[in-house]
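**Student:**
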Amino acid sequence: MRATAVRRTALAASAAALTLLATACSGSSDTDGTAGKNDKAGAAGSSSAPKAPAEALSADELEKAALAQGDVKGTKITKAGAADEVPADGVTVDKKECLPVAHAMYGVAQEGSAASAKRKVIDEPKADGKKKSLEELAEGGAEDAFKDAFDLTSTFVALHSYEGTAGADAFGALKKAAADCAGGFTATVAGTPTKVASVAEEKVTGGDESAAWTVTSEDDGEKAPFKLVALRKGNTVATFFAFNLAAAGGDVTFEVPAEVVAAQDKKLA
């Protein structure tokens, strides 16, 4: 794909995808959403319900367990601020069974949440120390340079602690919703609708149970992939929502942010 085509596709996708990312990579409200029982697991990942209700981590404990600068090599990690909050009642869907997926995309806690902590994890630009000549740029180097400049992954991480068995319930509700909504749905946040074309299973490991999906948004025929991961450790559920702008152009393979997931899993241990 020519550089101009990559740019055009990425910008077209940004109408929906980057709007979604800007909100999701900012944060969410600590208000409650909806939850369901884990009576139907429909996504990849481990599954092991807790033998006894786990104690919910406090807000201070969650902050200590949340990712910090230096925990993931090659990334910049910051806290989500008050201006980044998205209230639970500000997220609506055209199919009610899909609400847990939409909530996870925007970092909204499910019913029974006791405390939350949120982080933004953004890849640092790659510096290979190489400079291209005008001749190299003219022969296709400009296209590669453009793709490299946008081949950065941004991930919003939301940690929510739960009382009783609510953590396992919230995780189960998300897995069931992802399976039920594989064919897509429309989520509206702050009056802006985003069409989700599909929710497809991915592989991930970690926690007491974990699951992952590729969430593909669509706007005027242009599609953009996101990665959604859920990980439960005790009675804390972590969700990860990631986007790579270069992947919207179709020429970059976009993977689940495994290093970010592994780092957070380690801190929750």
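When we follow this note's numbering, the leftmost residue of the sequence shown carries the number 2, and every step to the right adds one. The beta-carbon is built from N, C-alpha and C at its ideal position, and this holds for glycine as well.
1) Is the number of C-beta pairs between the stretch 199-206 and the stretch 172-190 that are closer than 8 angstroms three or more?
2) Using three-state DSSP, classify valine 122 as helix, strand or coil.
3) Please determine, among Asp90, Ala116, Lys228, Phe186, the residue with the shortest C-alpha to C-alpha distance to alanine 60.
4) Does the stretch 83-92 touch the stretch 104-124, meaning 3 or more C-beta pairs lie closer than 8 angstroms?
5) Look at alanine 259 and valine 205 and say whether their C-beta atoms are less than 9 angstroms apart.
6) For asparagine 245 and glycine 71, I'd like the C-alpha separation in whole angstroms.
7) Nearest to isoleucine 123 by alpha carbon, out of Lys267, Phe242, Asp220, Thr193?
8) DSSP three-state call for leucine 229: helix, strand or coil?
9) Taking its Cβ as the centre, do 16 or more other Cβ atoms sit within 10 Å of aspartate 40, making it buried, or is it exposed?
10) Any idea if threonine 254 is buried or exposed, counting beta-carbon neighbours within 10 angstroms, 16 or more meaning buried?
11) Counting along the chain, where does the alpha helix (DSSP H) carrying lysine 268 start and finish?
**Tutor:** On the basis of the data shown:
1) yes
2) strand
3) Ala116
4) yes
5) yes
6) 21 angstroms
7) Phe242
8) strand
9) Any reading at aspartate 40 is ruled out, since the residue's pLDDT is 39, under 50, leaving its predicted position unreliable.
10) exposed
11) 259-269
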